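In what follows, a structure is listed as structure tokens, so that the remarks can point back to it.
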């Protein structure tokens, strides 16, 4: 909740104004019962015109109250709108900046529900707080103050009840926040299943697993219902318990009042009036408890949002003094790099090589040998464990993010296409002219199929690009990597769905057009890397061979095996 | 209210009425709990009268009434609690049913639905929209029942005190109703827009979050952040608009109520004075005492309270309404065409698959396949090659009957697939796709997904055949390792091997391999080839692959270009033809 108040800080002025208007409206409205009793007690039965005068005054008061309330509610709506907008914006931006390890820890469905339902809960709370949070406290405070003046010893009854109320509130809220946190966690679980199934619908249908999925969903659905019921039942005690306390208090007032009246310490009129205020106070109390329930619910959500916002970026730009430049002519230099995801087994060990500007590097190795990990380190999705990675002699840990990422164009394994036009998918939010987009698409062998669509580059993709084939996806991703004219082009297994002919044409075009670009190709096909200046052969995180295609055919058994399995081997069978 | 709104309301009512055995006690509890809380003031009045008695405080009467009050209040609190609990149970039961209905509907929709509806928007339906309905059911329904009770009760009392004064309500209540109706007509589209915009926002958030890594790779966080912000602003504007115009409702109805009290005060005062100076003698319609005026005013305030409350929750009601509309729209969505009534289950599958002059397009205006005819004999392997986008994956979709052909027919064992139950048809196939779909669960669960009731031994055997067992065993938790969304602990190739293991465990008669090993390195591929061959043995197989080594052993190779079969035959025949296939084959050695 602290975080919520921090976000509200800049709206304090407007909130104060809105709340003042609300207070004014409430006070004017509270005048109505007094005018009423005044008419009944003093005016009625005397002058007809007086009745009309006071009656019209009531109407004027009502109209004023109405106007004030509308204005105040609208101001409240605006404040909460702005608040929610900023909060959600920051939350989304923060989420995008989380590292892979952090995203994994939160899980995507959970991050998603934090951006959506949790933010919505807090939004709702901030709005309602401003709308309801004025009248009740005024009535409450006013009522208590007046009763104190009327008969101090009778109001002691009320003061005796207050601790009971506070203890109840304290106990329930202590249980309530964890309960709602649990509810939100169950929401995450439910969203996860819906999300997975929406993405895997083809597999589910193909395997006729709908019944199984219904069961799987039923589990999370039931769990959510169970948690919601539990939270609801606990929070449901607040209202009746409070009401009961207040009502028992009023009974105590009457009992005590009877004694005081009989001793001549008080009179019946005071007790009547006292009772009326007591009713008013307990009504206000009910509203306060309602807000309290809302508070509990949104506090759980606020906590979840704050968790994300409070996450420290684990990959920060370091000082040059800490990570010194390296004296090297190479464009990219891996200096005895080791790395481990989990801190146990090394996923990469002692990787050491240099690549000149405009050079061509191929990386080949079995599934799980660490090829993609090497790329992730180069692009600094993770920091190296030991050693260092240098681009133009600079340790990449000292290069600002924007500058670092601007150097790369990468088509990765985890491809991401979204529901926009093809042109936009290639451009990817960068300032790139249509000509450059088209040029990139030509090199990536994508121009031909793109222009075959009726809308050409304006052809709209479906989410995750499900309306184009795997090979087309890859070529759009390669176009995207090329369009930024990067100094370093990374093709991480990004032509695997292309047929040999297209793949060959792609490699030829890359050779012709990107003479100055350093290209790193990660592949499983020897044909994709065999023209590289040198090739790294990885196995279980180590370099087991390095050299040109010919050198490796001679020197590296594994490489020869791979090569034969793909080329010579095909003939033998 | 127009017909659609009435429908929505009626459908919502039906959900509530479905739990009549809970709902009726709830109504009864509402009645008693309200009645008891009304009795309290009555006893307290008597007690105060006893205190104020001329002869001094009558303690026995006070005690008597105090005890009664205590009983009333405690009972009323207990009932109120029971009621709240009951309503939570009812609303949760309804919400559970709705979520279930939406989800089950989703899984029955044609796969194309998911291509056109962003996942985030779907999630928004099942979480935010149903949530909105939930809170209305749990809280506002009781409120309305209570209000109704108080409104009717006070109206009866007022009727008894003075009929002429009721005339005031004849003016103001319709005014309030007209006003609310007029407003809600204006505001409803705003609430609808608000739900829709929020859905779009969620859709965008979902899509971008799933592309988080790529966005970081291109340092596009700011740009995507901006675009999200534009949608965020849109959604918040829609939200604000609804709030802004909705904000008039509560205070205005409140004003109308205050207005009627003021008018009653004026009119009541005049009537009282007329009664005083004898112009309206006792017993006539217009006669009223001072006490009568006071009581009437009190009841009219009681009367106004719930109406105010109602106007205030009206906006909640409207968001619930537009949420319900969205939820019902999914529930009403056209599912995959029902199996025909006399559909038969595909049994004792031989595995003969025939395409007879199949024409198909995803949309009527764009034909993808133009007259495909081919036959796969039982146990044979058919490889489909062709440039990307030629329609290879579309053929697979037709085999699985994700879509129905436009004309022509697809037959299995001589039966048109449209005359078979979908379940039995799909069960007859095992499919490995290029898109590796795994869910968050243990590796064991993900592999065992291929066949219900698979044992750990069988799973291990499948993993071994798919050459992934070594890797799995090297993980600290082995087969109990939970796969995560971003999957930093597992590469795409490994994911694909898991899906292959999943296929290996299934016992279907026919097999579809759509780029099944595209992410697996070639040495591993050769290693699993043996197992694949084993898997393919005796099964009719459809293979799409770019690796010619996988293809050249096929019994029959079909070259698909622009939705037409241009070449067909075995490897040697096609090589002899010197067409597309031979060019493709030779290109790998260039």
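Chains as they are written, first to last, in the numbering used here: chain G, 1469 to 2041; chain D, 81 to 670.
Glycine included, C-beta positions come from ideal geometry on N, C-alpha and C.
Please read all numbers here as calculations on a predicted model, not as lab measurements.
*Going along the chain, which residues of the stretch 1806-1822 of chain G sit with their C-beta nearer than 7 Å to a C-beta in chain D?*
1809
*By Cβ distance below 6 Å, which residues in the same chain neighbour residue 351(D) in space, the five residues on each side in sequence not counted?*
366, 368
*Does any C-beta atom of chain D lie closer than 9 Å to the C-beta of residue 2038(G)?*
Confidence in residue 2038(G) is poor, its pLDDT being 38 and thus under 50, which makes the residue's placement unreliable; the coordinate value appears in the next sentence. Answer yes: the Cβ-Cβ gap between residue 2038(G) and chain D drops below 9 Å somewhere.
*Within the 9 Å Cβ cut-off, does residue 1650(G) reach chain D?*
no
*Within the chosen definition, does the stretch 127-136 of chain D reach the stretch 1734-1749 of chain G through at least 3 CB pairs nearer than 8 Å?*
yes
*What's the C-alpha gap between residue 476(D) and residue 161(D)?*
58 Å
*With DSSP as the reference, label residue 1809(G) as helix, strand or coil.*
coil
*Take residue 341(D) and list the residues in its own chain whose beta-carbon comes closer than 8 Å to its own, dropping the five residues that flank it on each side.*
377, 380, 381, 384
*Within 9 Å (strictly less), CB to CB, does residue 503(D) reach chain G?*
yes
*Return no unless some Cβ of chain C is closer than 9 Å to the Cβ of residue 450(D).*
In the structure shown, chain C does not exist; the protein chains are G and D.
_Beta-carbon spacing of residue 504(D), residue 427(D) below 9 Å_ = yes
_Below 7 Å on C-beta distance, what does residue 1583(G) contact in chain D?_
285
*Under a Cβ-count criterion, where at least 16 other Cβ atoms within 10 Å of its own Cβ denotes burial, should residue 2039(G) be classed as buried or exposed?*
Model confidence at residue 2039(G) stands at a pLDDT of 32, short of 50, so the residue's coordinates are unreliable; what they give is reported in the following sentence. Looking at its Cβ environment, which holds fewer than 16 other Cβ atoms inside 10 Å, residue 2039(G) is exposed.
*Taking the C-alpha atoms as reference points, what is the distance between residue 334(D) and residue 1482(G)?*
25 Å
*May I ask you to report which of helix, strand or coil DSSP gives residue 2038(G)?*
Note that residue 2038(G) scores a pLDDT of 38, beneath 50, so its modelled location is shaky; the value from the coordinates is reported in the next line. Of the three classes helix, strand and coil, the one that applies to residue 2038(G) here is helix, per DSSP.
*Where residue 233(D) and residue 189(D) are concerned, what is the direct C-alpha to C-alpha distance, given to the nearest angstrom?*
50 Å
*asked:* Tell me which residues of the stretch 1542-1566 of chain G have at least one Cβ-Cβ distance to chain D shorter than 7 Å, keeping chain order.
replied: 1542, 1545, 1546, 1549, 1552, 1553, 1556, 1557, 1560, 1561, 1563, 1564, 1565
*Please classify residue 369(D): does DSSP put it in a helix, a strand, or coil?*
coil
_Within 9 Å, strictly: CB atoms of residue 1986(G) and residue 1800(G)_ = yes
*Quick one: is residue 2004(G) buried, meaning 16 or more other Cβ sit within 10 Å of its Cβ, or exposed?*
buried
*Just the C-alpha distance for residue 1560(G) and residue 1804(G), rounded to the nearest angstrom, thanks.*
37 Å
*Beta carbon proximity, residue 1760(G) to chain D, threshold 9 Å*: no
*With 8 Å as the limit, tell me which residues of the stretch 176-188 of chain D have their beta carbon closer than that to any beta carbon of chain G; keep them in chain order.*
176, 179, 180, 183, 184, 186, 187, 188
*Which class does residue 1863(G) belong to by DSSP, given the choice of helix, strand or coil?*
strand
*Enumerated in chain order, which unbroken segments of the alpha helix (DSSP H) with a length of 4 residues or greater are wholly contained in the stretch 170-203 of chain D?*
192-196
*Output yes or no for whether 9 Å exceeds the beta carbon distance between residue 1918(G) and residue 1890(G).*
yes
*Skipping 5 residues on each side, what residues in its chain have a beta carbon closer than 6 Å to that of residue 1629(G)?*
1713, 1717
_Measuring alpha carbon to alpha carbon, tell me which residue in 235(D), 406(D), 608(D), 492(D) is nearest residue 269(D)._
406(D)
*residue 1636(G): first and last residue of the uninterrupted beta strand (DSSP E) it sits in*: Residue 1636(G) -> not in any beta strand (DSSP E); alpha helix (DSSP H) instead, spanning 1620-1667.
_Taking beta-carbon pairs under 7 Å, can you tell me which members of the stretch 385-417 of chain D lie near chain G?_
none
*asked:* Whole angstroms are fine: how far does the CA of residue 1993(G) sit from the CA of residue 2037(G)?
replied: Residue placement at residue 2037(G) is poorly supported in this model, since its pLDDT is 38, which falls under 50; the coordinates still yield a value, given next. Answer to the nearest angstrom: the Cα atoms are 13 Å apart.
_One question on the structure: do residue 279(D) and residue 208(D) come within less than 9 Å of each other, judged by their Cβ atoms?_
yes
*To the nearest whole angstrom, what separates the beta carbons of residue 487(D) and residue 531(D), a pair I think is in contact under 8 Å?*
With 8 Å as the limit, residue 487(D) and residue 531(D) do not qualify as a contact, their Cβ atoms being about 36 Å apart.
*Under the assumption that residue 271(D) contacts residue 453(D) (Cβ atoms under 8 Å), give the Cβ distance between them as a whole number of angstroms.*
Not a contact, Cβ separation roughly 54 Å.
*Could you confirm whether any beta carbon from chain G is found closer than 9 Å to the beta carbon of residue 493(D)?*
no
*Status (buried if at least 16 other CB within 10 Å, exposed otherwise) for residue 2044(G)*: Shown here, chain G extends from 1469 to 2041; a query on residue 2044(G) therefore has no answer.
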